[in-house]
Amino acid sequence: MSKHKVETFNDELKEFHVHFHGPKDSPYQGGVWKVRVELPDEYPHNSPSIEFINKIYHPNIDDITGSVCLDVINQAWSPMFDLVNVFEMFLPQLLLYPNELDPLHPEAAALMIHDLAAYELKVKEYCERYAKPSDIGIEPEKKPTDEEITGDENDENDTNDEQEAADKPDP
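Per full-length UniProt numbering: the sequence shown = residues 1 to 171.
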């Protein structure tokens, strides 16, 4: 799961957190969630339990607990699948194609059925409010200050000047 950051928090490695980014070209694009994964004793024969730690607005994700509707994963689960499939196939597909007829979050399902534009707006609002990198403990990348940039350029110029001087023959 190289493109997904994984955080373990117990010694058994049966529970861990994964940083999951919303799929492109969806209302979830730009959102990032911390997802709790619990592997059952019967894994890989039984699917893992998946729970969003920070809030997400979706018909098949419980709005209070963050639990993902198990039917969604269990219906297609096979021991041949692994956790990469969960984060690169199952969850993106769930976000892209919700099943509003089997909701864990009835309000989201009703809004999706009756007013898709309002539903997508609410999804985006939740992303802005609850799914920024800082919401899951990711620090923004530090951008260099003007002074650091100027200092680096001067160092580079000094090196170039020294090299040019070394290349010139002695008088």
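Each residue gets a CB set at the ideal place from its N, CA and C atoms; glycine is no exception.
Owing to the predicted nature of the structure, the values given are computational and were not obtained by experimental measurement.
Asked, Found
"By Cβ distance below 7 Å, which residues in the same chain neighbour Val123 in space, the five residues on each side in sequence not counted?", "Pro27, Tyr28, Tyr57"
"Ignore the nearest five residues each way along the sequence and tell me which others in Glu153's own chain have a CB closer than 6 Å to its CB.", "Summary for Glu153: the model assigns pLDDT 49, below 50, so the residue's position carries little reliability, and this model does not support an answer."
"Expressed to the nearest angstrom, what Euclidean distance is found between the alpha-carbon atoms of Ile64 and Tyr119?", "18 Å"
"What does DSSP give as the partner residues of Arg36 in its beta bridges?", "His17, Glu51"
"Count the other CB atoms, across all protein chains shown, that sit within 10 Å of the CB of Phe52; report buried if there are 16 or more and exposed otherwise.", "buried"
"When you compare the region 8 to 20 with the region 29 to 43, are there three or more beta-carbon pairs, one atom per stretch, that lie closer than 8 Å?", "yes"
"To which residues does DSSP link Val68 through a beta bridge?", "Ile61"
"Tell me, to the nearest whole angstrom, how far the beta carbon of Asn74 is from that of Ser47; I am working on the premise that it is less than 8 Å.", "5 Å"
"Could you pull out every residue in the same chain whose Cβ sits closer than 8 Å to the Cβ of Phe9, ignoring the five residues on either side in sequence?", "Glu15, Phe16, His17"
"Whole-angstrom Cβ separation of Leu94 and Asn60, contact assumed at under 8 Å?", "6 Å"
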